[in-house]
Amino acid sequence: MSSDDGEECLPLSQRPEWADVRPVPQDDGPKPVVPIHYRENFREAMDYFRAVYLADERSLRSLNLTSEVIGLNPGNYTVWHFRRLVLEALNADLHEERDYVDRVAERFPKNYQIWHHRRWLAEKLGPKAADKELEFTKKIFTIDAKNYHTWSHRQWVLLALGGWDDELDYCQKLIENDVFNNSAWNQRYFVITKSPLLGGLQAMRESEVSFAIKAILTNPQNESPWRYLRGLYKGDIEQLLSDNQVPEVCLQVLKSGRNFLFALSMLLDLLCFGFQPSDEFKRIVEGLTNSESSSSDTNLATSVCNVLETVDPLRANYWAWRRRTLPSMVC
Amino acid sequence: MEKLEGEKHVKYILSVEKRKDDFESLVMDHLRINGAYWGLTTLDLLHKLDCVDQEEAVSWVMQCYHEDCGGFGGNVGHDPHLLYTLSAVQILVLFDKLDVLDVEKVSNYVSGLQNEDGSFSGDMWGEIDTRFSYCAICCLSILHRMDKINVEKAVNYIVSCKNLDGGFGCTPGGESHAGQIFCCIGALAITGSLHHVDKDLLGWWLCERQCKDGGLNGRPEKFADVCYSWWVLSSLIIIDRAHWIDKSKLINFILNCQDKEKGGISDRPDNAVDVFHTYFGVAGANYLSV
């Protein structure tokens with residue numbers, strides 16, 4: 097009998113169904129580079145795997161053996177390859193295979209091969225597989241909402257198999273759970289730009305700006321919504337400058353006197369694009385400035401750079417460069 | 029005063045702990061050739077490559093070669109893949125033994141993995157990822173066989189993976205991630221295509237990876253990890269913006285990730301060391317002239 101993790105079983109050498117197979121040991125040569133030590137059952141499983149692999153035996157017992165090896169080392173891509181060949185040869189039930197992969201992926205969510213295998217399966221099962229794939233990625237996200245492989249898989253499913261209906265809502269839920277989840281923000285941008293069910297970036301801009309601003313005001317030190325906000329105006333500086341909401345959110349954050357780093361850098365970008373600041377902006381930034389370094393001749397953008405250099409010392413060189421490269425007509 | 033414990037790291041690499049119950053060693057089985065590349069390059073950076081028997085190493089690498097297709101597997105008896113083909117070629121370069129290769133065959137294997145849209149699959153099973161673009165381009169560049177691929181299409185595909193924050197993901201629309209960024213920037217640099225990069229925007233995104241502890245993370249709101257000392261730092265170097273991070277704080281972070289007794293470097297202070305993080309920590313420290 098095989099099991100998903102191969103832990104509690106009789107050694108292969110003692111199983112009657114494997115009696116006819118001579119296991120093939122690994123040939124490392126006399127002095128292997130970076131030697132690796134093996135657990136005994138792992139060694140044995142690999143020796144038997146090598147035997148069926150070299151003989152190209154695409155049988156049920158080979159399939160079960162790949163399950164055992166995968167349970168010991170899911171990163172072994174050769175075993176996954178061979179498993180696919182065996183599944184095809186056996187014309188195996190791919191719904192059962194998906195159930196198996198579900199179990200393995202839950203144990204090893206950061207493994208590339210599992211996700212690739214899922215993709216191969218989903219391609220074979222077709223568009224009706226979309227729902228289950230989306231459900232499964234949701235399950236993984238409850239454990240690790242930023243899992244890069246899982247997001248990559250979810251994006252592939254949406255593009256290849258569909259299922260966009262609830263995607264924007266789902267992004268909303270994830271962001272509500274953790275507003276700092278950059279992957280969820282990235283997915284939101286993915287949805288508004290690529291979903292065939294929404295109107296595209298321009299049509300969605302207004303509501304998305306409101307959404308981003310709400311998130312910013314809740315946690316102004318959160319990098320993601322600030323970048324998201326910038327992205328909403330990508331390639332449309334005129335629109336960015338004519339929308340009052342953007343400088344307004346900067347002002348509100350600056351007024352609070354706390355967590356204003358990203359607000360300052362956004363203000364700096366606006367100024368560089370030609371934004372004409374009110375006196376209120378100038379007063380507030382002056383309040384943040386070290387009075388020794390400022391003078392009445394200093395323009396606002398320079399003052400902003402000075403403040404940033406002081407309050408964000410890790411990136412002092414970056415802010416100094418921004419100050420040196422300010423456009424000539426900047427306020 | 030913290031320093032890079034070069035001798036201890038050499039000792040660690042040369043005598044990897046033999047523990048049968050160590051799951052880490054088991055999961056490295058299929059990518060042993062990557063492990064060899066990380067270990068050997070670390071030795072080379074620490075000027076101790078001669079501690080390894082060159083002939084044995086080269087002979088073992090060639091045991092991973094697939095005569096029928098020209099690719100290398102992750103270990104003896106493992107299927108060929110771009111990831112391991114690059115490591116194999118890089119190891120041979122370390123020993124200045126590219127002459128053992130059938131360069132035509134290997135470069136045909138690599139170029140054969142390019143798809144219509146310019147992307148690269150990792151192997152015959154078709155997984156696409158910008159990591160593979162980098163592996164292919166780096167490999168062919170070393171072998172002086174870039175003419176075997178459609179460079180323009182390769183570049184266009186990478187550029188299609190550029191995001192609004194200036195970074196790059198694994199596929200178009202994929203979240204910007206420092207590891208993927210290194211692969212894309214590296215590939216664009218090799219192909220003379222850095223003009224597609226908004227260096228200021230990306231440089232800012234990259235320098236924002238520096239955390240309060242001085243280490244670098246790979247994406248917003250994630251923890252710092254020593255391996256990003258390579259992915260982020262080398263990307264910044266490629267686009268001439270390395271001075272935008274605080275180097276001394278990064279050096280401190282890397283040095284704190286060392287196991288000062290047994291050697292080796294871990295992902296963050298006080299965690300278990302491994303070959304992967306030892307390589308990236310030493311490489312990063314090397315860049316920072318530690």
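Protein sequences, first through last, are from chains A and B.
The working numbering applies: residue 97 is where the first sequence begins, and numbers increase by one.
The working numbering applies: residue 29 is where the second sequence begins, and numbers increase by one.
Every residue, glycine too, gets a C-beta built ideally from N, C-alpha and C.
Here the structure is a predicted model, which means the values were calculated and not measured.
What does His212/A reach in chain B if we use C-beta pairs closer than 8 Å? As a working mapping, residue 212/A is identified with position 116 in the first sequence. Proximity of chain B to His212/A at the Cβ level (cut-off 8 Å) is accounted for by Trp153 and Glu155, in chain order.
Which class does Asp179/B belong to by DSSP, given the choice of helix, strand or coil? Here residue 179/B refers to the residue found at position 151 when the second sequence is read from its first residue. The residue you asked about is not Asp; residue 179/B is Val in the sequence shown. Secondary structure of Val179/B (DSSP, three-state): helix.
Of all the residues that make up the segment 258-283 of chain A, which are near chain B by a beta-carbon distance shorter than 9 Å? So the list reads Asp274, Phe276, Asn277, Asn278, Ser279, Trp281, Asn282 and Gln283, given in the order they occur along the chain.
For the alpha helix (DSSP H) holding Gly67/B, just list the boundary residues, first then last. Here residue 67/B corresponds to residue number 39 of the second sequence, with the count starting at 1. Run containing Gly67/B: Arg60 to Leu73, per the alpha helix (DSSP H) assignment.
Three-pair Cβ contact test at 8 Å for the segment 275-291 of chain A versus the segment 198-206 of chain B: For the pair of segments examined, the segment 275-291 of chain A was found to touch the segment 198-206 of chain B: the number of CB pairs separated by less than 8 Å reaches three.
Per DSSP, what are the beta-bridge partners of Pro108/B in this structure? Here residue 108/B refers to the residue found at position 80 when the second sequence is read from its first residue. DSSP, once it has assigned bridges, lists Gly101/B as partnering Pro108/B.
Output the distance between the C-alpha atoms of Glu33/B and Phe178/A, rounded to the nearest integer angstrom. If you number the second sequence from 1, residue 33/B lands on position 5. If you number the first sequence from 1, residue 178/A lands on position 82. C-alpha separation (whole angstroms): 43 Å.
Just checking, does the segment 408-418 of chain A make contact with the segment 72-90 of chain B on the three C-beta pairs under 8 Å criterion? Counting Cβ pairs under 8 Å, fewer than three are found: no touch.
Taking Asp261/A as the reference, which of Asp227/A, Ile271/A, Arg214/A and Ala185/A has the closest Cα? For the purposes of this step, residue 261/A is taken as residue 165 along the first sequence, with counting starting at 1. Just measuring C-alpha positions, the residue of Asp227/A, Ile271/A, Arg214/A and Ala185/A sitting nearest Asp261/A is Asp227/A.
Starting from Phe286/A, find everything on chain B with Cβ-Cβ shorter than 7 Å and list it in chain order. Along the first sequence, read from residue 1 onward, the residue named residue 286/A stands at position 190. Ordered by position in chain B, the residues that pass the 7 Å Cβ test against Phe286/A are Gly201.
Among Glu155/B, Ser276/B and Cys211/B, whose alpha-carbon lies nearest the alpha-carbon of Cys239/B? Translated into positions along the second sequence, residue 239/B becomes position 211. Nearest C-alpha to Cys239/B: Ser276/B.
So Gln208/B packs on Arg159/B, CB below 8 Å; how close in whole Å? As a first step, residue 208/B must be located in the second sequence, where it is residue number 180. As a first step, residue 159/B must be located in the second sequence, where it is residue number 131. Taking C-beta atoms under 8 Å as the contact rule, Gln208/B and Arg159/B qualify, at a distance of about 7 Å.
Looking at Arg250/A: is its Cβ nearer than 9 Å to the Cβ of Thr233/A? By 1-based counting over the first sequence, the position of residue 250/A is 154. By 1-based counting over the first sequence, the position of residue 233/A is 137. Yes, the Cβ-Cβ distance between Arg250/A and Thr233/A is below 9 Å.
Between the C-alpha atoms of Glu405/A and Gly258/A, what's the straight-line distance to the nearest angstrom? Counting from 1 along the first sequence, the entry for residue 405/A is found at position 309. Counting from 1 along the first sequence, the entry for residue 258/A is found at position 162. Using only the alpha carbons, I get a separation of about 47 Å.
Between the segment 228-235 of chain B and the segment 281-292 of chain B, do at least 3 Cβ pairs fall closer than 8 Å? The segment 228-235 of chain B is not in contact with the segment 281-292 of chain B.
Distance, Gly154/B Cα to Leu184/B Cα: What you label residue 184/B is simply residue 156 of the second sequence in a count that begins at 1. What you label residue 154/B is simply residue 126 of the second sequence in a count that begins at 1. Inspection of the sequence shows that residue 184/B is occupied by Asn rather than by Leu. Rounded to the nearest angstrom, the two C-alpha atoms are 19 Å apart.
Residues near Ala313/B in its chain [Cβ-Cβ closer than 6 Å; skip 5 each side]: Taking the second sequence and counting its residues from 1, one reaches residue 313/B at position 285. Contacts found: Leu32 and Ile282.
For Val179/B, which residues of its own chain have a beta-carbon under 7 Å away from its beta-carbon, when the five flanking residues on both sides are left out? Numbered from 1 along the second sequence, position 151 holds the residue referred to as residue 179/B. Apart from sequence neighbours up to five positions away, the residues of its chain that approach Val179/B with a beta-carbon distance below 7 Å are Thr219, ordered along the chain.
The alpha helix (DSSP H) with Pro343/A in it runs from where to where? As a first step, residue 343/A is located in the first sequence; it is residue number 247 there, counting from the start. It spans Gln341 to Ser352 - the alpha helix (DSSP H) in which Pro343/A sits, taken as one unbroken run.
Where in the segment 160-236 of chain B do unbroken runs of the alpha helix (DSSP H), each at least 4 residues long, occur, reported from the N-terminal end onward? Restricting attention to alpha helix (DSSP H) runs no shorter than 4 residues, the segment 160-236 of chain B encloses them at 179-187, 206-218 and 227-235, ordered along the chain.
Could you tell me which chain A residues have their CB closer than 7 Å to the CB of Leu235/B, listed as they occur along the chain? Walking along the second sequence from the start, residue 235/B turns up at place 207. A quick correction: the sequence has Cys, not Leu, at residue 235/B. Under the 7 Å cutoff, chain A gives Arg411 and Tyr414.
Nearest by alpha-carbon distance to Gln142/B: which of Asp175/B, Leu129/B, Val128/B and Val131/B is it? Counting from one through the second sequence, the residue named residue 142/B turns up at place 114. Ranking the options by Cα distance to Gln142/B, first place goes to Asp175/B.
Report buried or exposed for Arg60/B, applying the criterion of at least 16 other Cβ atoms within 10 angstroms of its Cβ. Within the second sequence, residue 60/B is the residue found at index 32, counting from 1. Residue burial is scored here from C-beta neighbours: Arg60/B has at least 16 other C-beta atoms within 10 angstroms and is therefore classed as buried.
Here's the rule I'm using: 16 or more other beta-carbon atoms within 10 Å means buried, otherwise exposed. How should Ser99/A be labelled? For this step, residue 99/A is matched to residue 3 along the first sequence. In this predicted model, Ser99/A has a pLDDT of only 44, less than 50, meaning its place in the structure is not dependable; the value taken from the coordinates is given anyway. Classification for Ser99/A: exposed.
Looking at the unbroken alpha helix (DSSP H) that takes in Glu132/B, where does it start and where does it end? Position 104 of the second sequence, counting from 1, holds the residue named residue 132/B. Per DSSP, Glu132/B belongs to the alpha helix (DSSP H) from Val131 to Ser139.
Own chain, CB closer than 6 Å to Val89/B, minus 5 neighbours either side, in chain order: Counted from its first residue, the second sequence places residue 89/B at position 61. Same-chain partners within the cutoff: Ala116 and Ile119.
With a CB to CB cut of under 6 Å and the five nearest residues on each side skipped, what residues in its chain are close to Glu229/A? One-based indexing of the first sequence puts residue 229/A at position 133. Excluding sequence neighbours, Glu229/A sits near Ala218 and Val253.
Burial state of Gly383/A (16 or more Cβ within 10 Å): To locate residue 383/A, count along the first sequence from 1; it is residue 287. Residue environment for Gly383/A: exposed (fewer than 16 other C-beta atoms within 10 angstroms of its C-beta).
Beta-carbon of Glu249/B versus every beta-carbon of chain A: anything under 9 Å? The count along the second sequence starts at 1 and reaches residue 249/B at position 221. At least one C-beta of chain A is nearer than 9 Å to the C-beta of Glu249/B.
Do Leu363/A and Val400/A count as a contact pair if the criterion is CB distance below 9 Å? The count along the first sequence starts at 1 and reaches residue 400/A at position 304. The count along the first sequence starts at 1 and reaches residue 363/A at position 267. For Val400/A and Leu363/A, yes; Cβs fall inside 9 Å.
Residue-chain proximity (His224/B, chain A), Cβ-Cβ < 9 Å: Here residue 224/B is taken as the residue at index 196 of the second sequence, counted from 1. Cβ-Cβ to chain A under 9 Å: no for His224/B.
Once DSSP output is grouped into helix, strand and coil, what is the label at Phe371/A? Position 275 of the first sequence, counted from the start, is the residue given in the question as residue 371/A. Under the three-state reduction of DSSP, Phe371/A is assigned to coil, being neither helix nor strand.
Does DSSP put Ala122/A in a helix, in a strand, or in coil? Numbered from 1 along the first sequence, position 26 holds the residue referred to as residue 122/A. First, the residue type needs correcting, since residue 122/A is Gln and not Ala in the sequence shown. In the displayed model, Gln122/A falls within coil according to three-state DSSP, outside both helix and strand.
Would you mind sorting Met152/B into buried or exposed? The rule is 16 or more other CB atoms within 10 Å of its CB. The sequence position of residue 152/B within the second sequence is 124, counting from 1. Exposed, by the Cβ-count rule.
Residues of the segment 165-188 of chain A with Cβ closer than 9 Å to any Cβ of chain B, in chain order: Taken in chain order, the members of the segment 165-188 of chain A whose beta-carbon sits within less than 9 Å of a beta-carbon on chain B are Leu168, Asn169, Pro170, Gly171, Asn172, Tyr173, Thr174, Val175, Trp176, His177, Phe178 and Arg180.
Beta-carbon proximity list for Asp49/B, same chain, < 7 Å, skipping 5 on both sides: Walking along the second sequence from the start, residue 49/B turns up at place 21. In this prediction, Asp49/B has a pLDDT of 43, which is less than 50 and means its spatial position is unreliable; what the coordinates show is noted afterwards. The answer is none, since no qualifying residue turns up.
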